[in-house]
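K.L.:
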Amino acid sequence: MSEVTKQGLEDLKKELKYLTTEKRKEIAAAIKHAASFGDLKENASYHEAKEQQAFTEGRISELRAIIASAKVVESQGSGWVELGSTIVLSTGDTYKLVGPAEANVLEGKISYKSPLGELLMKKKVNDKIKLGDIEYIIKEIK
Numbered sequence: 000m001s002e003v004t005k006q007g008l009e010d011l012k013k014e015l016k017y018l019t020t021e022k023r024k025e026i027a028a029a030i031k032h033a034a035s036f037g038d039l040k041e042n043a044s045y046h047e048a049k050e051q052q053a054f055t056e057g058r059i060s061e062l063r064a065i066i067a068s069a070k071v072v073e074s075q076g077s078g079w080v081e082l083g084s085t086i087v088l089s090t091g092d093t094y095k096l097v098g099p100a101e102a103n104v105l106e107g108k109i110s111y112k113s114p115l116g117e118l119l120m121k122k123k124v125n126d127k128i129k130l131g132d133i134e135y136i137i138k139e140i141k
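Residues 0 to 141 (numbering that gives the first Met the number 0) are what the sequence shown spells out, left to right.
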């Protein structure tokens, strides 16, 4: 079972739709174009397009499995950190705690199974946690 937020599930479904419609067509066109150059053994464009096709098909399979087993979990506003909570730390960093399938640190989404996520779970405002040499204080939970 994959635990995800409601928004995370919607994002995964959008990605799946894009990959199965638009991306597949783009790759098929690239393969057809590259194949028109002849001699497939020495055709780098053809091999690159085939690799992209394999990667995309793998991602499609992965997304289908995640979506099929997804359990939507949202923050209940309980006052402590839980899946779906947005946490503001003393460092000024803000993170949303999400399931592993939707984690993206560049977007400020960290998995509750990550080292920081595990330390944050079930903590309250003003609780201190330490990760390595860095100590954090939870300033706000949304």
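All residues carry an ideal CB built from backbone N, CA and C; glycine is no exception.
1) Can you grab the Cα-Cα spacing for the pair Glu41 / Ala48, in whole Å?
2) Could you spell out the range, first to last residue, of the alpha helix (DSSP H) harbouring Lys5?
3) For Lys175 and Thr55, what's the separation of their Cα atoms in angstroms?
4) From the DSSP output, in three-state form, read off Glu47 for me.
5) Taking Cβ positions, are Leu88 and Val72 nearer each other than 8 Å?
6) If we call anything under 8 Å between Cβ atoms a contact, is Val97 one with Ser77?
7) Let me make sure I understand the geometry here. Which of Pro99, Asn125, Leu105 and Asp126 has the alpha-carbon closest to that of Pro114?
8) Mapping DSSP to helix, strand and coil, what is Ala67?
P.N.:
Per the coordinate set shown:
1) Cα-Cα distance, rounded: 13 Å.
2) Secondary structure note for Lys5: its alpha helix (DSSP H) is the uninterrupted segment Lys5 to Tyr17.
3) A question about residue 175 goes unanswered here, because the residues of the chain that appear run from 0 up to 141.
4) helix
5) no
6) no
7) Pro99
8) helix
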